[in-house]
């Protein structure tokens, strides 16, 4: 049936290729078996197969391209050739070849548009080809392209690169863990569940965004991002680019009125340079190919407070493809992405900020090795290994070697010499073995069977501490300790505090085992996809060491005597943490069902139904619930310096909880003489002083109901090919999110945990607080804890009963491929997402009226002086396109519009008459969540481009991009409408200084100039 097929069908979750599915018939519509069908193209060796008894042929796992050609030959029939076949990432290109009676020497050449509708897939996805990536005016990173996908909401607006070098938050259709892959290699960050690297935009051949209806290879219901880089072909290629954006090209849209409202500034682009090259070609034609890429984005901006926020991205990529025998293909891919950020989080108190670097000198390595082989006529195997070596450092710019003593000037409010540093190490190993079996006539039915297993080993190891784990505080401008004997703190000249701690570390691993199966069954016009996925995700804590006194660190050796160093180390030693392997796992069974029906039998109007369930991606932080107590430990000393600036053991003192007077801690030999019990909680805490290696039971107790959150999904779609190269899709989606977990205050000695019964009606919300009306909340009760409810520090984690969220939405999508001098992509989304608490899904009922059965939105995007916003729009409109003008000029644009983000309306109520001292305040909503929003957002970007052609393949492009064409100053971020605090006992109202204050507007118009070439 299939003599030579090459590769296993790619999975949607980690796809890097597309397929050609075809059928050969005669002029009467009868299938023709035994036809020799040959595929050729610049990215593959010639491949010949023989059609099955049903006239079916398949060419699988083909690199995205637009120059594939299929030739069909059979004795007694004219040879038929189909040219310019387009293969897109993750899609099946379906073609039918009709052969006429005649001789082989007679040839019929057909140049017909590639179909825009798929008949055998229920996945809702958006393909972004190289033409779209390169031709539209965008800020040239994947997150901006994601923003163009139907229904995707992003937490920031990147105007001409003003937000480049940062990873945007995004979600679609109610949420779910995102998944990332590049050339089929998983690149999710094991801790943050985002991309583990940045990218060279010009290295991309194509990008695919899956929005729903994922097959059994897809683990989660979130947005799935697949990136495919270019590869070498039979012709040598060379490409490059240079783009320049500068402050001189940027307008100003910040008015005095906006400054008065609180807008401090915009993300000023000082200078952005984006440059690089890519090249590829054959080692041996039709057998071995190579490809290389290098790209740099040198981004110099100021944040909204005017502080420099500079980023340097450098990306390297290389790929080798081998086809030494027709039945086998091998691919090796390496990507190294490096990010350096200068002055990260710089502020008044931390003037020079951090220098952010990668874990490795050249950046984050990603390695993928994949081999795919055809056995016989209908069995394909794929074996793949991938590794991502994620990790980064945030090092104080003033102390790159981290050997200085951190000193905090209390009067000036400035950290001097150095600062806390952060290190993250997040490697991940992934293995996958997958097989596909094809049979076009098993019991009279066509079957495509997919079965596979996966293994993932991901680790997240982090540390957050100061150099040497020590710091000092000096220049006190308020009373500290008693030196006059009246037990009243005095203002003491030159007194300092030495603070030592074990710092913070973790080292966690998640191991995942996966098995999946699916069968695609076709009967006439009907296709059914039946499948399931089972995953087992297990966290554990790895053994590691926590240090306190690092005796060899310059922070100690340059500032402490040896006696003091040894004395402090004797009372606050390091700690060896043993491995913890809990009896705990997420076990998720995910069934999938898809149905497609060709309404008229011409492959142009398809009705689709997709039903499925998804689990979530377990991050390495899940192991933290099993972390034993006692890993911390801190100790402070009052330091009375003798004037030499060096800390000696006899200069260190404690006060006690009962006395502000000073008492020595060590004698001249470094022996401990302090009052351990009296100083507890004041000068030391966090560990067992008498047994400093002792650890306790974890803070959290996990119920057997705890597991992965669940997403249940139903999608009904209608897809129609309106014209050649023009397709319409209507997708109606329903999702239910449940099986959430929550933490309840817990007493492990009695088994008592927080419950609804512990709350009582403490009062009524007044009609007015200060100058503000309480609106819909007026007259409604507020609730606080009863007086006999104790404080509970421990937590009980369980599945949250009754609580769920749901999503309902409809997307209208219209896509026009580039043909007849124009292309266009349009989408319009209407959607609604709500949360439901049920009878038991809450504790305090105060705000149920404002939240229950009402809009839900995640808070996203707070960083670099910007506040997070509740990101959800009930409607979104996205339009982009290109038109080829005479004289080789191109005009293109992108336009986005959406409903503004949500501003919650709240006030704090403090009731000192409430009987429980642990709960005398509550935040109450004054109207239903989602009532108030920012203004409608819209933005237009334009490009004018001149193309200079050299021979058949050479092109040079000169372009100018204009971002925020109208120089709009639309409000992007405001602080919540949180009026302040109302005190019940005396009626006093304290105004909130940031109530509804403006925070960010859309960045002003900016122009970018660029040139790129491809030969």
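In our numbering, the protein residues as written are 86 to 1100.
Using N, Cα and C, we set each Cβ at its ideal position, and we do this for glycine too.
Inset, instruction - Return the chain-ordered list of same chain residues with a C-beta closer than 6 angstroms to the C-beta of residue 734, the five sequence neighbours on each side being excluded. - result: 648, 649, 652, 751 and 755
Legend entry - Contacts around residue 104, its chain only, beta-carbon distance under 6 angstroms, and the 5 residues preceding and following it disregarded: 145 and 177
Legend entry - 6 angstroms CB neighbourhood of residue 804 in its chain, flanking five on each side removed: Cβ within range, chain order: 202, 691 and 814.
Inset, instruction - In angstroms with no decimal places, state the Cα-to-Cα distance between residue 1102 and residue 149. - result: Residue coverage of the chain in this structure runs from 86 to 1100, which leaves residue 1102 outside it and unanswerable.
Inset, instruction - Confirm the yes/no value for this check: CB of residue 1017, any heavy atom of the ligand ZN, distance under 7 angstroms. - result: Among the components modelled here there is no ligand, and therefore nothing to report on the ligand ZN.
Legend entry - Enclosing beta strand (DSSP E) for residue 964 [first to last residue]: 960-970
Inset, instruction - Please say whether residue 281 and residue 262 have beta carbons closer to each other than 8 angstroms? - result: It is not a contact, given that the beta carbons lie outside the stated cut-off.
Inset, instruction - Please name the residue or residues paired with residue 1092 in a DSSP beta bridge. - result: 1047
Inset, instruction - Please say whether residue 844 and residue 871 have beta carbons closer to each other than 8 angstroms? - result: yes
Legend entry - CA-to-CA distance, residue 1002 to residue 842, given in whole angstroms: One alpha carbon belongs to residue 842, the other to residue 1002, and they sit about 18 angstroms apart.
Inset, instruction - For residue 1025, I'd like the list of residues in its chain whose CB is within less than 8 angstroms of its CB, leaving aside the five on either flank, ordered along the chain. - result: 978, 979, 980, 1049, 1050 and 1051
Legend entry - Reduced DSSP secondary structure (H/G/I, E/B, other) of residue 941: coil
Inset, instruction - Indicate whether the contact test is met: 3 or more Cβ pairs, each with one atom in the segment 484-494 and one in the segment 631-640, closer than 8 angstroms. - result: In short, these stretches touch, since the Cβ pair count reaches three.
Inset, instruction - Entirely within the segment 783-816 and at least 3 residues each: give me those beta strand (DSSP E) ranges in chain order. - result: 785-787 and 795-808
Inset, instruction - Please list, in chain order, all residues of the same chain as residue 589 whose beta carbon is under 6 angstroms from its beta carbon, the five residues on each side excluded. - result: 549
Legend entry - Which of helix, strand or coil DSSP assigns to residue 274: coil
Legend entry - the segment 962-969 contacting the segment 1006-1018, beta-carbon criterion three pairs below 8 angstroms: no
Inset, instruction - Kindly indicate which three-state DSSP category residue 842 falls into: helix, strand or coil? - result: helix
Inset, instruction - Tell me the start and end of each unbroken beta strand (DSSP E) in the segment 237-308 that is at least 3 residues and wholly inside, in chain order. - result: 264-267 and 289-297
Legend entry - Residues that DSSP places opposite residue 1007 in a beta bridge: 994
Inset, instruction - With a cut-off of 8 angstroms on the beta carbons, I'd call residue 724 and residue 583 a contact; round off their distance for me. - result: So it is a contact: roughly 5 angstroms between Cβ atoms.
Inset, instruction - Confirm, please, whether the CB-CB distance from residue 504 to residue 427 is below 8 angstroms. - result: The answer is no: Cβ separation not under 8 angstroms.
Inset, instruction - Could you tell me whether the segment 365-382 touches the segment 314-323, using the rule of 3 or more Cβ pairs below 8 angstroms? - result: yes
Inset, instruction - Between the Cα of residue 1029 and those of 1074, 1075, 1095 and 1067, spot the shortest distance and give me the residue it belongs to. - result: 1095
Legend entry - One or two residues paired with residue 622 in a DSSP bridge: 597 and 671
Legend entry - Cβ-based burial, residue 1102 [other Cβ within 10 Å; buried from 16]: Coverage of the chain is limited to positions 86 through 1100, which leaves residue 1102 absent and any answer about it impossible.
Inset, instruction - Assuming residue 193 and residue 163 form a contact by the criterion Cβ under 8 angstroms, report the distance between their Cβ atoms to the nearest whole angstrom. - result: 5 angstroms
Legend entry - Cβ distance (whole Å) where residue 787 is taken to contact residue 677 below 8 angstroms: Contact flag wrong, Cβ pair sits at about 29 angstroms.
Inset, instruction - Verify whether the separation of the beta carbon atoms of residue 942 and residue 895 is less than 8 angstroms. - result: no
Legend entry - Proximity to residue 403 [Cα-Cα], best of 475, 396, 411 and 422: Residue nearest to residue 403 within the set 475, 396, 411 and 422 is 422 (criterion: CA-CA distance).
Legend entry - Per DSSP, the bridge partner or partners of residue 536: 520 and 602
Inset, instruction - Could you check what DSSP says for residue 653 in three-state terms: helix, strand or coil? - result: helix
Legend entry - the segment 387-404 contacting the segment 344-361, beta-carbon criterion three pairs below 8 angstroms: yes
Inset, instruction - Would you kindly check if the distance between the Cβ of residue 610 and the Cβ of residue 682 is under 8 angstroms? - result: yes
Inset, instruction - Would you list, in sequence order, the uninterrupted beta strand (DSSP E) runs of no fewer than 3 residues that lie entirely inside the segment 854-937? - result: 866-870, 879-884, 889-904 and 907-921
Legend entry - residue 711 - DSSP class collapsed to helix/strand/coil: helix
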